[in-house]
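Engineer: I am attaching a structure below and will ask some questions about it afterwards.
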Amino acid sequence: MHAEEKFTAATFPESPEKATLEGKNKFLGFWLFLGGETVLFATLFATYLALKDHNAGGATTQELFELPLVFAATMLLLTSSLTSVYAIYHMKNFAFSKMMLWFGITVLLGAGFLGLEIYEFNHYVHEFKHTFTSSAFGSAFYTLVGFHGAHVAVGLSWILTLMIRNGRRGLNLYNAPKFYVASLYWHFIDVVWVFIFTVVYLMGMVG
Amino acid sequence: MKKWLPKWRIMLLFSMIALLLAGCGKPFLSTLQPAGEVADMQYSLMLLSTIIMVLVIVVVTIIFIYVVVRFRRREGDEDVIPKQVEGSKKLEIIWTVIPILLLIILAIPTVKDTFTLANVSGMEGKNKDKDALVVNVRANLYWWEFEYPDKKIITSQDLVVPTDQKVYFKVKASDVKHSFWIPSVGGKIDTNVENDNKFWLVFDSKKAEKAGGIFYGKCAELCGPSHALMDFKVKALPKDEFNAWVDKMKSAKPEVADADAQAGEEVFKKNCLSCHAVEAKDTRAEVARTAPNLTDFADRERVAGILPNNEESIKKWLKDPESIKPGNKMTGKYGNLTDEQIDQLTKYLMGMKVE
Amino acid sequence: MSTLSQRKGFGATVWDYLTTVDHKKIAILYLIAGGFFFLVGGLEALFIRIQLIKPDNDFILGTTYNEVLTMHGTTMIFLAAMPLIFALMNAVVPLQIGARDVAFPFVNALGFWLFFAGGVFLNLSWFFGQAPDAGWTAYTSLSMASQEHGIDFYALGLQISGAGTLIGGINFLVTIINMRAPGMTYMRMPLFTWSTFVTSALILFAFPPLTVGLFLMIFDRLFGSNFFDPALGGNTIIWEHLFWIFGHPEVYILVLPAFGVFSEVFATFSRKRLFGYSSMVFATVLIGFLGFMVWAHHMFTTGLGPIANAIFAVATMAIGVPTGIKIFNWLFTMWGGSIKFTTPMLYGVAFIPSFVIGGVTGIMNAAAPADYQYHDSYFVVAHFHYVIVGGVVFALLAGVHYWWPKMFGRMLSDALGKVTFWLFFFGFHLTFFIQHFLGLMGMPRRVATFLPNQGWETANLISSIGAFFMAAATIVLVFNVIKTSINGEVAKGDAWGDGRTIEWAISSPAPEYNFKQTPLVRGLDALWIEKMEGKTELTPAEPIGDIHMPNSSILPVVIASGLFIAALGFMFRNEHGWGDVVGGIGLAITLLGMFLRSWIDDHGYHIHKEELMDDDSKEVKA
Amino acid sequence: MATNQSNSGNPRVDLKYRKKKNAEEMKFQVISFGLMLFLTLVAFLAVWNEDFGGWYTVPFIMLLAVVQVIFQLYYFMHMSHKGHAVPSLFLYSGLLVGLITLLTFVTIIWW
Ligand code: HEA
Ligand code: HEA
Ligand code: CUA
Ligand SMILES: [Cu+2]
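Protein sequence lines correspond, in order, to chains A, B, C and D.
Note that the working numbering has the first sequence beginning at 18, numbered continuously upward.
Note that the working numbering has the second sequence beginning at 1057, numbered continuously upward.
Note that the working numbering has the third sequence beginning at 911, numbered continuously upward.
Note that the working numbering has the fourth sequence beginning at 6, numbered continuously upward.
See the structure below:
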């Protein structure tokens, strides 16, 4: 089966992401990468937990965090996870334009999340003098949450690049694995966020 | 081939034992000549593990030699195809279980000793041992400070301790991480930058005698260009002598014998006193104590931890400390001294003794 | 399109290697780069031993010594041992599983160039006169205090080459999981492939903690954060943990492939199948697994408390059991066999007692209270050189001799190989055995010099003499390589005559598509099975057809050099305004490279059936 | 290798069947999304509501996070589908390594 072969909804394979050897490799390789990322974030969490109370006299977690903002951000990211599921659903049904639409919504929601995060950081820096360099807590906080934010940014540009590059070509077995893998990445970002809002924000409020 | 092999092995064994004996090292420095309860405990564990390990090595070596001698491909064997054996459950169980047993034998004293050595409850709190001596060790870039909090005295470079009793240590570093190690008296503990570590040692009087009353201490964590030179010495004294030393330290003042020394004192006050204290009762805060306390300097074994303590060394040190300990924190901090001033300072410094 | 047997000029050859995505050529790149760094690291080791040849020596002192020491450890581990292991894995694993290439040829090339960029960056520090000087472990109080840019070179260089290693690991995992030939079940994989698999998994999980640790270090040193500054609430012990969470698995990343090499060598030169294959596999996996639960045995003296020390001590000891299983299985592989003492086999048999000595001193270290004495003394230096040199370096030398014909089509001289072996073997034990006693006699490690009258003179002298034997051995090896590449014996496909695994079924060197027809694997030691049935070739699993090949690309070099430039820029951000600009440009180059890779479709090309037939007839004629 | 598997057989019937199956699965996805929203809400409320607070809040919200992540992994990321044995093996191995790190960091190795 040639990768750029033209398909119809009927001939399109059931699991297009794994229909070619290249696709299978990508799929597996990416999952393995996520296994490594799990350790990466676990290490960052461990560092954060070790340092979270070392604020060198600066603001504490209770003073800093505002749950409504975090809740809003969470809703955005969570919803974007669902929209990317929709995108993949349409990919499997060979509904290219619907897939693009849902990925587009995903990107918008992700951008919204990123906007809130930037606003939040800005707020901390100016209202609380809570910066990357103000204390070990500050360093650990911005590193953990910032690493996640960077993942969001990378995920956004990745999905966007794929959309632009393939906008006119339609689906084939060469780009289907790419879309699929990008959506996996997006979900993983959401998984990490679930722990961030729980461990950093909620536990930070509990103390 | 077969004939010379056993002989060769006996030779090897002999030379190894010879090496072992010769290799015990110096009584003031070697872990193989333990001089106190802690080192003894560690030495027994080392011996136990060595015996187990030698056993393992011997078993492996015997099989090994048999195999490589017996099964080598000889002439005429070029076309022999050996039987392709898959494995053997029985054998594999044997060499799984026996090592497990050996390791259990080793693990039990390991765990026990770990807890014994970490027990510092006699140091403070409600179980405080009234006779216990506590020493606060502060490691600094290339010098050591020893504070006796209960006696309210401070000394440097030479640690003075009583023999045959538990001495508790609370250690930390003031700049980068170092590690506090007196090999013949017990294993090391790191001096961290963010917390105090605690442990204890006992200095055996008989062994101390054998070592000439002095044990060598080492910094065992890479700490910069002069890490290799961050030595200290331990004077282990009988308890009454130790107490006498403490009393003398409390009231010690530099002895200014002649005009030269007096001139030296003046120079010292101007150039050196900002860092070095000359009284054991230094009440300054830790951060202000940026140099070794010199109260009993003339009694010390070494100058700056490494040079033999004599006038020549002192002059050498004052002239160019950098050439002796690269990266030390005294270089360039005390102005320029004339040769005359150095002579005077040396006189003055030689008068700093309590004995 | 096929580039088979084309004559090329020098420039074309260089271009070919810069752009290659062929695992066999990448293997050669790893071999050359790793070999070069081994010479550099060895030279640094010689400097160490020269300085310590007598007390109060002043050959290299103070900071310079610390730089040489740090660069020796870092170079040997990250830039010599690991790449040489990757060289063997690249050269052999796809052939052993009957694959045409690795899963991601492009990523494979990228991995190499990232490693290389990081390695060059690290060694660039010598030319700036600011090499890292805080030990290969770079404990954070000292590495934060370290002036100038030495530690920045360390952190940035390792970050870049670490990324290369990580993607290399993922690549091998996917290759082994997805690209095995029909019939090559997991339990039929050669042990070297198995150890590559487990090693790659260790890389996948061990490198992220290092990545994080290095990021924190870079942030603290260059971007003003306070992870390791106690004054602002930081904690230096975090680095120790992160480093060793990586560092301990790292030593098994080094030694498992070594075990794999020897499993092949013992079986081949004993003409026997590996004794206890399943338990060998099981032991490999178990060692990898346990490797993640023992890191704090490097920190027994840090003051973690008796509970942590006791748990980690016992967990560490447990690793002796699966390792022992392997040792005895190797012995019984040889038992009853027909042992031929070729150069690789000599390394194999020498490995057993040498490694066991190193291993059991590891168990001695694991007894925490005793380790309070051993730690940071020459006893530990002796321990790890016994396992690393007696295990890993011996394996690399064995592996290079063993697979040299498969990589280059010529045999290395066995006579010269044996000279190398005996010199190296003798020098190795002379250098390191005595260091156990130095440590027990109270000599700390990482000392730039030592004073007389502490009972250490003789032992240090002996140790230094030993190092020169190893140097002589290395020179003979280099000579061997040069000599045989000019007039060495041409290798047959089954170069040693006793090959068991399928890489020996194809010509030496392997054709660029590896297997003309994907083979059908009918059991463990597939080639041996065929040979025992009187056949000379593997059973094919498919008819001859077009072979899909990946395209070459210069982008890996572009991406890697972008990071190199970025690192250089960011390093100077605090004293030069252009630092951030150059850093940004570098990152932009990298991102552009990645973007182009994503944007430009790359479908590869095909070698057609007819060309393959052509090759056939050529081979017959030759 | 058996990489070139496709949906041969009768494409028409196949297509209908697949569409239906996909749609059904999508329904599950939406349901699990609803549950995830609910779990998030509960977690936030648990912390918001001071009265609810107490020593068990932390384990409780951690549990909610874990459940939610399981939804993500198994439904959104399709780990419940077949062909995910190796991915889950490696994901869980990574998780194990990470958890050991976390566990030691919050328990035995600090002072
Ligand atoms: C290839 C590298 C490699 C390998 C394989 C090992 C293997 C082992 N290592 Fe080693 N180690 C290092 C490289 C390696 N190490 C390095 C580089 C350092 C220093 C880092 C630094 O500080 O710079 C170090 C340091 C180090 C320490 C810290 C010492 C200190 O700094 O205080 C410890 C402590 O437990 C240790 C233990 C072990 C153990 C238990 C094994 C085990 O895996 C060994 C198992 C093998 C055997 C036991 C032999 C065969 C078994 C049998 C024949 C069965 C019967 C045996 C018994 C019953 C005992 N190692
Ligand atoms: C793979 C790992 C590896 C390897 C192979 C080696 C190999 C050797 N190592 Fe070491 N070593 C380490 C890893 C390794 N080492 C580590 C991690 C440390 C700890 C660092 C630290 O504390 O931070 C260390 C530390 C270390 C020390 C302790 C220093 C100290 O604590 O102060 C010593 C001292 O003897 C030493 C010696 C040697 C010697 C003699 C060799 C020999 O086997 C080397 C043999 C090779 C040669 C001799 C090659 C000679 C080359 C030529 C002749 C050609 C030169 C020409 C050109 C470059 C053009 N090493
Ligand atoms: Cu202080 Cu080394
Ligand atoms: Cu280890």
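We put the beta carbon where it would ideally sit given N, CA and C, even for glycine.
Whose beta carbon lies closer than 6 Å to any heavy atom of ligand 4, going through the chain in order?
Structural biologist: Any residue whose Cβ sits closer than 6 Å to a heavy atom of ligand 4 makes the list: 1158(C), 1161(C), 1207(C) and 1208(C).
Engineer: Measuring alpha carbon to alpha carbon, tell me which residue in 1233(B), 1165(B), 1173(B) and 1151(B) is nearest residue 1112(B).
Structural biologist: Closest option to residue 1112(B), Cα to Cα, is 1151(B).
Engineer: In chain order, what residues of the stretch 1236–1256 of chain C put their CB closer than 9 Å to some CB of chain B?
Structural biologist: If the cut-off is 9 Å between Cβ atoms, the stretch 1236–1256 of chain C has 1237, 1238, 1239, 1241, 1242, 1243, 1244, 1245, 1246, 1247, 1248, 1249, 1250 and 1251 near chain B.
Engineer: Assuming residue 1223(B) is part of the beta strand (DSSP E), what are its boundary residues?
Structural biologist: Residue 1223(B) -> beta strand (DSSP E) spans 1222–1229.
Engineer: Would the C-beta of residue 1155(B) count as close to ligand 1, meaning under 7 Å from any of its heavy atoms?
Structural biologist: At least one heavy atom of ligand 1 is nearer than 7 Å to the Cβ of residue 1155(B), so yes.
Engineer: Can you tell me which residues form a DSSP beta bridge with residue 1189(B)?
Structural biologist: BP columns for residue 1189(B) point to 1223(B).
Engineer: Which residues, taken in chain order from the stretch 1276–1288 of chain C, show a beta carbon closer than 9 Å to some beta carbon of chain B?
Structural biologist: Flagged, chain order: 1276, 1277, 1278, 1279, 1280, 1281, 1282, 1283, 1284, 1285, 1286 and 1287.
Engineer: Any residues in the stretch 1329–1349 of chain B with a beta carbon nearer than 9 Å to a beta carbon of chain C? Which ones, in chain order?
Structural biologist: Against chain C - using a Cβ distance shorter than 9 Å - the stretch 1329–1349 of chain B contributes no residues.
Engineer: Going straight from the alpha carbon of residue 175(A) to that of residue 194(A), what length do you get?
Structural biologist: Answer to the nearest angstrom: the Cα atoms are 13 Å apart.
Engineer: Give me the DSSP bridge partner(s) of residue 1128(B).
Structural biologist: 1249(C).
Engineer: So the beta strand (DSSP E) residue 1265(B) belongs to, where does it begin and stop?
Structural biologist: Residue 1265(B) -> not in any beta strand (DSSP E); alpha helix (DSSP H) instead, spanning 1261–1266.
Engineer: Per the contact definition of three or more C-beta pairs closer than 8 Å, is the stretch 1295–1308 of chain C in contact with the stretch 1347–1362 of chain C?
Structural biologist: They do not touch, by the three-pair rule.
Engineer: Enumerate in chain order the residues of its own chain whose CB-to-CB distance from residue 911(C) is below 6 Å, with the five nearest sequence positions on each side excluded.
Structural biologist: In this prediction, residue 911(C) scores a pLDDT of 37, lower than 50, which makes its location untrustworthy; the coordinate-derived value is nonetheless stated afterwards. The answer, listed in chain order, is 1515.
Engineer: Do the CB positions of residue 131(A) and residue 170(A) come within less than 8 Å of each other?
Structural biologist: In contact: residue 131(A) and residue 170(A) (Cβ atoms closer than 8 Å).
Engineer: Pull the bridge partners of residue 1184(B) from the DSSP assignment, please.
Structural biologist: Beta-bridge pairing links residue 1184(B) to no other residue.
Engineer: Would you say residue 1263(B) and residue 1179(B) are within 8 Å of each other, going by their C-beta atoms?
Structural biologist: In this structure, residue 1179(B) does not lie closer than 8 Å to residue 1263(B) by Cβ.
Engineer: Can you give me the Cβ contacts of residue 1268(B) inside the same chain, cut-off strictly under 7 Å, excluding the 5 residues immediately before and after it?
Structural biologist: Only 1084 meet the Cβ criterion.
Engineer: In this structure, does DSSP put residue 1142(B) in helix, strand or coil?
Structural biologist: DSSP places residue 1142(B) in coil when its eight states are reduced to three.
Engineer: Could you check if residue 1542(C) belongs to the surroundings of ligand 1, using beta carbon to heavy atom distance under 7 Å?
Structural biologist: There is simply no residue 1542(C) to check, as chain C begins at 911 and stops at 1532 in what is shown.
Engineer: Tell me the start and end of each unbroken alpha helix (DSSP H) in the stretch 62–112 of chain A that is at least 4 residues and wholly inside, in chain order.
Structural biologist: Correct list: 78–81 and 84–109.
Engineer: For the stretch 1210–1234 of chain C, list every residue whose C-beta sits within 8 Å of some C-beta in chain B, in sequence order.
Structural biologist: Listed by position along the chain: 1211, 1212, 1213, 1215, 1216, 1219, 1220, 1223, 1224, 1227, 1228, 1230, 1231 and 1234.
Engineer: If the cut is a Cβ gap below 7 Å, which residues of chain C does residue 42(A) touch?
Structural biologist: Residues of chain C passing the Cβ test: 1013, 1014, 1084 and 1088.
Engineer: Would you please state the rounded distance, in angstroms, between the beta carbons of residue 1365(C) and residue 1351(C)? I believe it to be under 8 Å.
Structural biologist: The pair is a contact, with the Cβ atoms about 6 Å apart (cut-off 8 Å).
Engineer: How is the beta strand (DSSP E) around residue 1515(C) delimited, first residue to last?
Structural biologist: That run of the beta strand (DSSP E) goes 1515–1517.
Engineer: Quick check: residue 1031(C) and residue 1063(C), are their CB atoms within less than 8 Å of each other?
Structural biologist: Yes.
Engineer: In its own chain, which residues sit with a C-beta less than 6 Å from the C-beta of residue 984(C), not counting the 5 before and 5 after it?
Structural biologist: So the qualifying residues of the chain are 1046.
Engineer: Consider the Cβ of residue 111(D): report whether some Cβ of chain C lies at a distance smaller than 8 Å.
Structural biologist: Answer no: the Cβ-Cβ gap between residue 111(D) and chain C never drops below 8 Å.
Engineer: Hey, is residue 1293(C) close to ligand 2, as in C-beta under 7 Å from one of its heavy atoms?
Structural biologist: Residue 1293(C) Cβ: outside cutoff for every heavy atom of ligand 2.
Engineer: How big is the Cα-Cα spacing for residue 1285(C) and residue 100(D)?
Structural biologist: Going from the Cα of residue 1285(C) to the Cα of residue 100(D) covers about 31 Å.
Engineer: Taking only three categories from DSSP, how would you classify residue 1212(B)?
Structural biologist: Strand.
Engineer: Please check the pair residue 1316(B) and residue 1397(B), which I expect to be a contact at CB under 8 Å, by giving their CB distance rounded to whole angstroms.
Structural biologist: That belief does not hold up - the Cβ atoms of residue 1316(B) and residue 1397(B) are roughly 10 Å apart, past 8 Å.
Engineer: Smallest Cα separation from residue 1171(B): which of 1216(C), 1060(C) and 1130(C)?
Structural biologist: Of the candidates 1216(C), 1060(C) and 1130(C), the one whose C-alpha sits nearest the C-alpha of residue 1171(B) is 1216(C).
Engineer: Report all residues from its chain with a CB closer than 7 Å to the CB of residue 1301(C); omit the five preceding and five following residues, and keep chain order.
Structural biologist: Within the same chain, residue 1301(C) has close Cβ partners 1165, 1168, 1261, 1265 and 1268.
Engineer: For residue 1109(C), count neighbouring Cβ atoms within 10 angstroms of its own Cβ and tell me buried if that reaches 16, exposed if not.
Structural biologist: Buried, by the Cβ-count rule.
Engineer: What residues from the stretch 1167–1181 of chain B come within 7 Å of chain C, judged by C-beta to C-beta, listed N to C?
Structural biologist: Of all residues in the stretch 1167–1181 of chain B, 1167, 1169, 1170, 1171, 1173 and 1174 have a Cβ within less than 7 Å of some Cβ in chain C.
Engineer: Can you check whether the CB of residue 1211(B) is closer than 8 Å to the CB of residue 1299(B)?
Structural biologist: Not a contact, by the Cβ cut-off of 8 Å.
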